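In order, the protein sequence lines correspond to chains A and B. Just so we're aligned, residue 13 is where the first sequence starts under the working numbering, counting upward by one. Just so we're aligned, residue 13 is where the second sequence starts under the working numbering, counting upward by one. Ideal Cβ placement from N, Cα and C applies to all residues, glycine included. Bear in mind the structure is a predicted one, so any value in this text is a computation, not a measurement.
There are 2 protein chains.
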Amino acid sequence: VICLLAGGTGGAKLARGIADVAGAEELTVIANTGDDVEVYGVHVSPDPDLITYWLADRIDERGWGIEGDTWHVMDALEAAGRPAWFRLGDADLAMCLVRTEALRRGARLTDAHAEVVHAMGVGSRVLPMSDDPVRTRVRTPRGWSDFQEFMIVQRSEGPVEEVQFDGAAEAHPSPEVLEALAAADAIVIGPSNPIISIGPILAVPGIREALVDARAPVVAVSPFVRGEVVKGPTEAFMAGAGLPPGTPGAAAAYEGLLDGFVADERVPGLDAPLLQTDVLMDGAEPRRRVAQETLDFAAGLGR
Amino acid sequence: VICLLAGGTGGAKLARGIADVAGAEELTVIANTGDDVEVYGVHVSPDPDLITYWLADRIDERGWGIEGDTWHVMDALEAAGRPAWFRLGDADLAMCLVRTEALRRGARLTDAHAEVVHAMGVGSRVLPMSDDPVRTRVRTPRGWSDFQEFMIVQRSEGPVEEVQFDGAAEAHPSPEVLEALAAADAIVIGPSNPIISIGPILAVPGIREALVDARAPVVAVSPFVRGEVVKGPTEAFMAGAGLPPGTPGAAAAYEGLLDGFVADERVPGLDAPLLQTDVLMDGAEPRRRVAQETLDFAAGLGR
Numbered sequence: 013v014i015c016l017l018a019g020g021t022g023g024a025k026l027a028r029g030i031a032d033v034a035g036a037e038e039l040t041v042i043a044n045t046g047d048d049v050e051v052y053g054v055h056v057s058p059d060p061d062l063i064t065y066w067l068a069d070r071i072d073e074r075g076w077g078i079e080g081d082t083w084h085v086m087d088a089l090e091a092a093g094r095p096a097w098f099r100l101g102d103a104d105l106a107m108c109l110v111r112t113e114a115l116r117r118g119a120r121l122t123d124a125h126a127e128v129v130h131a132m133g134v135g136s137r138v139l140p141m142s143d144d145p146v147r148t149r150v151r152t153p154r155g156w157s158d159f160q161e162f163m164i165v166q167r168s169e170g171p172v173e174e175v176q177f178d179g180a181a182e183a184h185p186s187p188e189v190l191e192a193l194a195a196a197d198a199i200v201i202g203p204s205n206p207i208i209s210i211g212p213i214l215a216v217p218g219i220r221e222a223l224v225d226a227r228a229p230v231v232a233v234s235p236f237v238r239g240e241v242v243k244g245p246t247e248a249f250m251a252g253a254g255l256p257p258g259t260p261g262a263a264a265a266y267e268g269l270l271d272g273f274v275a276d277e278r279v280p281g282l283d284a285p286l287l288q289t290d291v292l293m294d295g296a297e298p299r300r301r302v303a304q305e306t307l308d309f310a311a312g313l314g315r
Numbered sequence: 013v014i015c016l017l018a019g020g021t022g023g024a025k026l027a028r029g030i031a032d033v034a035g036a037e038e039l040t041v042i043a044n045t046g047d048d049v050e051v052y053g054v055h056v057s058p059d060p061d062l063i064t065y066w067l068a069d070r071i072d073e074r075g076w077g078i079e080g081d082t083w084h085v086m087d088a089l090e091a092a093g094r095p096a097w098f099r100l101g102d103a104d105l106a107m108c109l110v111r112t113e114a115l116r117r118g119a120r121l122t123d124a125h126a127e128v129v130h131a132m133g134v135g136s137r138v139l140p141m142s143d144d145p146v147r148t149r150v151r152t153p154r155g156w157s158d159f160q161e162f163m164i165v166q167r168s169e170g171p172v173e174e175v176q177f178d179g180a181a182e183a184h185p186s187p188e189v190l191e192a193l194a195a196a197d198a199i200v201i202g203p204s205n206p207i208i209s210i211g212p213i214l215a216v217p218g219i220r221e222a223l224v225d226a227r228a229p230v231v232a233v234s235p236f237v238r239g240e241v242v243k244g245p246t247e248a249f250m251a252g253a254g255l256p257p258g259t260p261g262a263a264a265a266y267e268g269l270l271d272g273f274v275a276d277e278r279v280p281g282l283d284a285p286l287l288q289t290d291v292l293m294d295g296a297e298p299r300r301r302v303a304q305e306t307l308d309f310a311a312g313l314g315r
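Written as C-alpha cells, this is what we have:
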C-alpha cells in the first residue's frame, strides 16, 4: 500500500498518477483538512474533494470542482442578495451535502468523506488527516484571516507574516491514518505547499512521529518545477516560514523526515538521497511517469 | 395587524390574499413547522417556505417550490447513487442553505427563517410556530412514519390511525408568536388541514391559550370547498382523529376557539357566527375576495 500525504492540486495529480500505476486500491491518501470551511451551512473539504475528483477523473479543467458543473444554487443565493464569495458548483455542493448529512447524523469526518469517495466511485481511500477540526489561519499586514478568506477574498496577497493551525495541538490523527502509515510500503509526501498543505497534516500530534516510526521509506516530491510552483502562493508562505525559496526550501521544510527526495534540480546540503527527474505533471503520461519513478525510488531506499 | 395561522397551500393562498388587501406589512403568519425535516444536512421548512414563496409571488405552478426552478443538485445526488426522495430545486435548496447557515451559527429558527423571508423580498412576517423542534408522525397499519415519508414515499396512503407531534409538549411558542397573537386586530385560522397543519401549531403549549386570551376575534376559514379539500389528504386525517367529514369536521376541530367561521355551507350545531361564502381561491381575485370578506367578517365580531 502506498500512503500519500497531499494538499490540493500537486498532491492530487500525483495521487492520480499513483492510482494509475499501482492500482486504485493500493493508494491511501492522507488529505489536508486545514482548508475546510463551514459555508452555507455545509461542510466543505476543499483538499479531500479536489483529490477525490481527480481520482474519479471528474476534476474540471479550471483546476477545482467537478467537470461541467453548473451554478444554479450560487446564482440563486446571489439573486437573493446573499453574496456567494465561496463558489460551489451544483454537483460539488451535492458532494458537500453527502458529507454534511453524514456529519449531522454523528459520523466522523473520516466516514463522512468516505461516503463522498464512494459516491464518486473512487476505489482509493482518501482519509482526512484528523476527525478533529483544524483550521489554517494566515497573518498578513492586514491582520489574521481564515485561509479561504485569504485565498479568495484577498486573492492570496502577501506578505505572509505567520500561519497558525487552530485546533491542531488538540487534534488527533484518525485511527485509519495511523494504521495506513504503519502498514504502508511507501510513504510519499506529495508536491503540495509544504507550509499550508502538508504543514497542517504534520502539525497534528502523532503524525510526524508515525512517519518517523513507519517501516516504509518516506519520500517527498518537490512542488517546484524549474524553480517555480505550478499553482498557488507557495513562495509567500515559505518566505513567511523563514525557508529558502524554491526546491531547497521544500527539502528544508521536511528536514529530519525524509529517506529520499524527488526534485528536478540538485539540492545543496540535502540530508537524504535525491532522485533528480522532471516533476512537471502536465498530463496523464507525466503523472504516471513521476508516480512510477517515485515509487521505484522509494522501493530502493532502506530504512 | 392580521395574524394568520397557516400550514401549506390553502393557508398560503389566503396569506397572499390578505397581504394584497391589507398590505404586506399588516400580515404576520404563524406557520406550521411540524413538517420540517433535516435532509441532505440542511434544515427544510416546507410550510414556512411555501408561504414565503407565495408571498414573494415566486411559487411554482406545481404548487410547491420556486417557479422555474432547476434540479441540478438533486440530479447530481442521484447520479452518485444517492436517491433524492425529497426533491429540492436548486433555488429552493439555496433558501434552505440560508436558513441552515443561520441555524449553524446559533440563530433561532425564527431569525433563521426571517433571513429567508428577507432574501425573498417579502414584507410580511412569517414566524415558525416555535423555535423548538416539533415533528409530526403518522401511524397507519404499516406502523409509524415521519410525516414527509408518509406524504412522499407512502404517497399519503391511509388509513391514518394516529397522529403525534413529537416534541410539542416540551416546545414553547416563540416570543414573537405570543406578541403577534396578543397584538393582533384579527386572528385567522387559514384553510389548512386542521389535524396536521393547524394541529401542530395548537399543540404547542401556550398557543391555544394565547388564542383564547387574545383581544382580537378568532375566525377560521374552512379548507373544504363544496365538501372536498382542494389539495392533500385532509379527509384521512380527520377520520383518524374521529372528526366528521367535510366542513362540519373542520368546525368541530376548532370547537371552543372560534368567534366566527367561514365556509361555503351551513354547519349544523356550529357554536359561532358563520360567514357563508365561496371559499375557493383559484386565482388572485378570489384570494382577495375571500381575504377581504374574512377580514370584514372578523371586524364585525365582538369578543
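- [ ] Compile a chain-ordered list of the residues in the stretch 129-153 of chain A whose CB is closer than 9 Å to at least one CB of chain B.
- [x] His130, Ala131, Met132, Gly133
- [ ] Could you check if Asp69(A) is buried or exposed, using at least 16 other CB atoms within 10 Å of its CB as the buried criterion?
- [x] exposed
Task: Opposing strand residues paired with Cys15(A) [DSSP bridges] - done: Thr40(A), Ile199(A)
Open item on the list: Counting only C-beta atoms, is Glu113(B) closer than 9 Å to chain A at any point?
Closed with: yes
Task: Residues that His125(B) contacts on chain A, provided the C-beta gap is smaller than 8 Å - done: Those within 8 Å of His125(B) in chain A number zero; the least Cβ separation is about 13 Å.
Open item on the list: For Gly179(B) and Ile208(B), I'd like the C-alpha separation in whole angstroms.
Closed with: 14 Å
- [ ] Taking 9 Å as the cut-off, decide whether the C-beta atoms of Gly169(B) and Arg151(B) are in contact.
- [x] First, the amino acid is wrong: residue 169(B) is Glu here, not Gly. No, these two residues do not count as a Cβ contact at 9 Å.
TODO: For chain B, find out if any of its Cβ atoms is closer than 9 Å to the Cβ of Met163(A); answer yes or no.
DONE: no
TODO: Since I believe Ala103(A) is in contact with His84(B) (beta carbons under 8 Å), could you give me their beta-carbon distance rounded to a whole number of angstroms?
DONE: 7 Å
Open item on the list: Could you tell me which whole alpha helix (DSSP H) segments of length 4 or greater appear in the stretch 161-230 of chain B?
Closed with: 187-195, 211-215, 219-225
Task: the stretch 62-82 of chain A / the stretch 22-29 of chain A touching (three or more Cβ pairs under 8 Å) - done: yes
TODO: Starting from Val150(A), trace the beta strand (DSSP E) both ways and give me its first and last residue.
DONE: 147-152
Task: chain B within 9 Å of Val13(A), Cβ atoms only - done: no
Open item on the list: Which residues in chain B have a C-beta closer than 9 Å to the C-beta of Ala195(A)? List them in chain order.
Closed with: None at all; the shortest Cβ gap to chain B is about 29 Å.
Task: Presumed contact (8 Å Cβ cut-off) between Met141(A) and Thr45(A), rounded CB distance - done: 6 Å
- [ ] Could you tell me if the beta carbon of Leu269(B) falls within a distance shorter than 8 Å of some heavy atom in the ligand ZN?
- [x] Only the bare structure without any ligand can be found here, which leaves the ligand ZN out of the picture.
Open item on the list: Run through chain A and tell me which residues come within less than 8 Å of Glu297(B), C-beta to C-beta.
Closed with: Correct list: empty, because the minimum Cβ distance to chain A is about 29 Å.
- [ ] Check the Cβ of Glu65(B) against every Cβ in chain A and list those closer than 8 Å, keeping chain order.
- [x] Position check: residue 65(B) holds Tyr in this sequence, whereas Glu was assumed. Neighbours of Tyr65(B) on chain A: none; closest Cβ ~12 Å, over 8 Å.
Task: Limits of the beta strand (DSSP E) - the one that Arg156(B) falls within - done: For the record, residue 156(B) in the displayed sequence is Trp; it is not Arg. That run of the beta strand (DSSP E) goes 155-158.
TODO: Determine the contact status of Val200(B) and Val233(B), defining contact as a CB-CB distance below 9 Å.
DONE: yes
Task: Proximal residues of chain A, C-beta to C-beta of Val49(B) below 7 Å - done: Going along chain A, no residue has its Cβ under 7 Å from Val49(B), so there is no contact; the nearest lies around 12 Å.
- [ ] Can you pull the chain A residues whose beta carbon is under 8 Å from the beta carbon of Arg74(B), in chain order?
- [x] The premise fails here: Arg74(B) is roughly 17 Å from chain A at the closest Cβ pair, so nothing lies under 8 Å.
- [ ] Just confirm the distance between the C-beta atoms of Asp276(A) and Thr289(A), as a whole number of angstroms; I'd bet it's less than 8 Å.
- [x] 7 Å
Open item on the list: Determine, for Ile71(A), whether the minimum Cβ-Cβ distance to residues of chain B falls below 9 Å.
Closed with: no
- [ ] Would you kindly check if the distance between the Cβ of Gln160(B) and the Cβ of Pro58(B) is under 9 Å?
- [x] yes
- [ ] Please state if the CB of Leu89(A) and the CB of Val110(B) are separated by a distance shorter than 9 Å.
- [x] yes
Open item on the list: Can you pull out the residues from the stretch 75-97 of chain B whose beta carbon lies closer than 7 Å to at least one beta carbon of chain A?
Closed with: Thr82, His84, Val85, Ala88, Leu89, Ala92, Gly93, Arg94
Task: Option in Thr306(A), Arg149(A), Asp197(A), Val224(A) with minimal Cα separation from Phe249(A) - done: Arg149(A)
Open item on the list: DSSP three-state label for Glu305(A), please.
Closed with: helix
Task: Cβ contact (3+ pairs, closer than 8 Å) linking the stretch 280-289 of chain B and the stretch 257-272 of chain B - done: yes
Open item on the list: Under 9 Å, Cβ to Cβ, is there at least one residue of chain B near Arg116(A)?
Closed with: yes
TODO: Say whether chain C places a C-beta atom closer than 9 Å to the C-beta of Gly53(B).
DONE: No chain C is present in this structure, whose protein chains are A and B.
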